[in-house]
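What follows is one structure encoded as structure tokens, with my remarks underneath.
Protein chains in written order, with the numbering used here: chain A, -18 to 318; chain B, 6 to 779.
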């Protein structure tokens, strides 16, 4: 048996191996029970003892070499196969992802939650109130006497039975004050209604956020201080506030609060109509008539209230030009914000 | 309020910087400049001319030094002898020089070409400015129009009636900004003669002046008065009315002139109307009156609604010779009530209900009467005054309270004097026209306004923060919304007002109607969320979106009982877009799966019972039952409603009472802790009668499966009359058994399976085969 020629054949065979199957066939051919090397070992005993040892060594070396070769070729083939597999599985990563009907909460809810989060942090309790109200809670207790011209400031939608759709969240103040005892710190966000011709800027319904604090010795300075914190929470720090006198029947003094335009930093832009300011809040010290209407002694207690239009803030923030979109179910819009 | 700069200047010192004041205005007063109109000269060599003839489709116009033929292009048919603005050849309007066109040597420009804003109510004919004869032909137009000028549109908060006139406004500028003002001379009137006026309702009418003037000529006012009124936003009419309007706009004092010869019995009586009395007001509307309404009456009947509008029966006309001029102080409440009860708002009622100046009634009466005589001729026959004027009133100042509000101790006497008011024994003496100043807070407001709010220092409070239960409902609402969104649903906040037709079409009863809707589209309160969601689906479909996954947690108002409802609508495919053809149809079981998962998370055990609702598919609808109580429904929309709303895809909807979630807010679901011991699967394939609900089969399996049954998974259901038989269905389920503390033996499972088979067979179910797997 010519081990040398076997070895040569073997090495040659390895060069031609392409697949793991071919490699296995080679392994069987050389290392299998009926393989060339086993056959060689079997034939050892037929050899004279002086050759036996040398031949045995040759066969052992050959087996070792074959095993090494097998291992290295296997490694090479596996590597190649993985490479091919990877290539077969190549995808176009620029194809679009699967689009499911991903859900989301409404943009107004997001704003509402943000406002409530800030209010809670400032120690206000979140309260809620009905949208169908009576004249007492929506007007009279808020110092809108019957027939008073201040009632014209808010065109009201009326319902049967002397009821109406609340024109402002201030009605919630009255209900909360009736239910609670001072000190009272409440915050509410809710839907209000006005009798308006429907346009891109005005709708029959919109949403207000409102805060109220009644306690002993609440001052105008407190109002300014708490509002400044509130604005920091909503817009981030660094924006100036500006207070201007204004009139709401349920506060005295009453004021409007402007925040430095967050879009242009006060330089003037389209959003702030080149004024550098955004008119966002109404505020004031709770009118003694309001306190009296809910049985609080205005000699003992003072307080402040502030309110803002939520829809307007959302529209400013997201560049929405039509308030009706906020009430629409158009998923294209809803998924965009 | 509309005010002109030229009118303000009559009360202002010459070197006032009005632009600067207008800029600072809203920082110190509860007013806002809403609009500023600049009246500037954007033309040259345009003059006032008189049309003396018409020729060749043009006008022959006298422009002073010559007559020219101008084009009639752009004008309505203007009559002869009318005086209009004329731009002859060579005149410039804006960037354009007027050129000769054919035989025409000029044009008649419209007010808008001349850049005069509509707010200036200049007399005009078809857009062309018209001038009376006291304007000389050839007068340069800029001179006739008094250019340049400015018109301000100013918003004034309701309590500041005192600012609602040029004089009142300027007077406040003087006080607040220290601007120099020229105080008009108000005549003193002490005598009262005549017996025309009789005030029966003294509480409503504290002061009433009446002037009888005989022999007036009713005609056009001089140009200067016309222009003055026009720039105050008032259209000139004729002399007597123009003068009363002038006092209204300039001094805030409404006045009314009656045709004296039409006043019966020579009497003017101020009294409450009698129930059932009627009057036709100047706007031609007949109005029913009642005892809440104050009227002016003659011996027979009402001739005006006091402080609101005059009556047709005593209207001044071109033929009027004798007039009775009324200048009065009616109380704000009586005028406000009349005006609102009659739904009639006028410039006069606007003034009265906000409160006019109670100190100058007779002075204004005298000034106006003299102006009338000067302008319309005639003679003052009598001047009568009832009641007494008052100059000031006292407002109590609680210094302790005031100090709390401003957050520091102030020398209030000094502050009050700085405001221009007097301070005596804790009482602030304020002018009687300040109807807005009544309590301590009003004085504080006045002081802080004068400082400007920037002068008040910010202060951060310290207080104990306590937990209060009010947050709960809000938290339920928030958590639920987030869970629905996490299940692939998009939240909507739809309008709660709707078209009654949509409510009817959706078969959810009727909405409570509004008493004063803006339009039918928004005229009832929705009794249910269904119509809102259907409209939302339709709006999406109209936009080309057919896969709709919406929910709303919204208020509904069945019979005005306001409550929250959870509404869900799904239609189409949950996979909106996928190029590998993935598909998850949004059917009944898709939505049911969402509900099941949400209920699981709230610890709610719900059962589903076939049900019928007018708006649901009769064979595909279930009541959601919790603790034996129906808390909601789920089902395909009724095909009739799909048609009624003309929907492209039939949606599946679900509605759940919000209260259910409130009830379960604090229920904690049992945590499922994964067990590591090996599970054992057994499949059952069975043929069951079609009418047998799955729920009963599952219950039977659970009841007979022993304690180690972990789950039942239905993995195949099919019906085939040929292969299985009529009214039967094939169902395959996989049972998973698992012991918490070790492997479950096959033999043990066999024992349970035997029980299950027996139980199922007792229910008329045929077991086809069982598979077993470890």
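Don't be surprised by glycine CBs; every beta carbon is placed ideally from N, CA and C. Predicted model, so just to flag it, every value in this text is computed and none were measured.
- Of all residues in the stretch 147 to 171 of chain B, only 162, 163 and 164 place a beta-carbon less than 7 Å from a beta-carbon of chain A.
- Across the stretch 223 to 236 of chain A, CB contacts with chain B closer than 7 Å involve 224, 225, 226, 227, 228, 233, 234 and 236, in sequence order along the chain.
- Within the stretch 744 to 771 of chain B, no residue has its Cβ closer than 9 Å to any Cβ of chain A.
- For the options 167/B, 300/B, 387/B and 116/B, the alpha carbon positioned closest to that of residue 214/B is the one of 387/B.
- Check the Cα spacing between residue 728/B and each of 751/B, 739/B and 692/B: the tightest is with 692/B.
- For a Cβ distance threshold of 7 Å, residue set 269 of chain A lies close to residue 444/B, ordered along the chain.
- Listed as beta-bridge partners of residue 398/B by DSSP are 435/B.
- About 10 Å separates the beta carbons of residue 429/B and residue 402/B, which is beyond the 8 Å limit, so they are not a contact pair.
- For residue 660/B, no alpha helix (DSSP H) encloses it; the enclosing beta strand (DSSP E) starts and ends at 657 to 662.
- Non-local beta-carbon contacts of residue 680/B in its own chain, meaning distances under 7 Å to residues more than five positions away in sequence, involve 743 and 745 in chain order.
- Taking C-beta separations shorter than 8 Å and ignoring five residues to either side along the sequence, the partners of residue 494/B in its chain run 554, 555, 556, 573, 575 and 599, following chain order.
- Close to residue 501/B, with beta-carbon spacing below 8 Å, are these residues of chain A in chain order: 112, 172 and 186.
- Buried is the label assigned to residue 560/B, since at least 16 other Cβ atoms lie within 10 Å of its Cβ.
- With at least 16 other beta carbons inside 10 angstroms of its own, residue 637/B counts as buried.
- Exposed is the label assigned to residue 695/B, since fewer than 16 other Cβ atoms lie within 10 Å of its Cβ.
- Per DSSP, residue 481/B is one residue of the alpha helix (DSSP H) stretching across 476 to 491.
- Looking at the DSSP output, residue 578/B shares a beta bridge with 590/B.
- From the listed residues 177/B, 155/B, 136/B and 228/B, the smallest Cα separation to residue 83/B is found for 136/B.
- In the three-state scheme derived from DSSP, where H, G and I count as helix and E and B as strand, residue 249/B is classed as helix.
- When DSSP states are grouped into helix, strand and coil, residue 155/B belongs to the strand group.
- Classified as buried, residue 88/B has 16 or more neighbouring CB atoms from the shown chains inside 10 Å of its CB.
- A contact between stretches requires three or more CB pairs, one per stretch, nearer than 8 Å, and the stretch 171 to 180 of chain A meets this requirement with the stretch 142 to 150 of chain A.
- Between residue 114/B and residue 149/B, the C-beta gap is not smaller than 8 Å, which leaves the two residues out of contact.
- Under the Cβ criterion (8 Å, minimum of three pairs), the stretch 376 to 383 of chain B does not count as touching the stretch 167 to 187 of chain B.
- Runs of the alpha helix (DSSP H) spanning 4 or more residues and lying entirely within the stretch 266 to 353 of chain B occur at 337 to 346, in chain order.
- The beta-carbon distance between residue 319/B and residue 310/B, rounded to whole angstroms, is 12 Å. This is too long to meet the 8 Å contact definition.
- Just measuring C-alpha positions, the residue of 98/B, 708/B, 378/B and 291/B sitting nearest residue 281/B is 291/B.
- With a threshold of 8 Å between beta carbons, residue 180/A makes no contact with chain B.
- Per DSSP, the continuous alpha helix (DSSP H) segment holding residue 762/B begins and ends at 751 to 766.
- Residues of the same chain with a CB within less than 6 Å of the CB of residue 580/B, apart from the 5 flanking positions on each side, are 587, 588 and 589 in chain order.
- Taking a Cβ-Cβ threshold of 9 Å, none of the residues of chain A is close to residue 533/B; the smallest such distance is about 16 Å.
- For residue 304/B, no chain A residue has a Cβ inside 7 Å of its Cβ, as the nearest lies near 30 Å away.
- Just measuring C-alpha positions, the residue of 63/B, 61/B and 50/B sitting nearest residue 70/B is 50/B.
- With contacts defined by Cβ atoms closer than 8 Å, residue 128/B and residue 231/B form a contacting pair.
- Neighbours of residue 548/B in chain A, taken as residues at a C-beta separation under 7 Å, are given in chain order as 311 and 313.
- Under the three-state reduction of DSSP, residue 228/A is assigned to coil, being neither helix nor strand.
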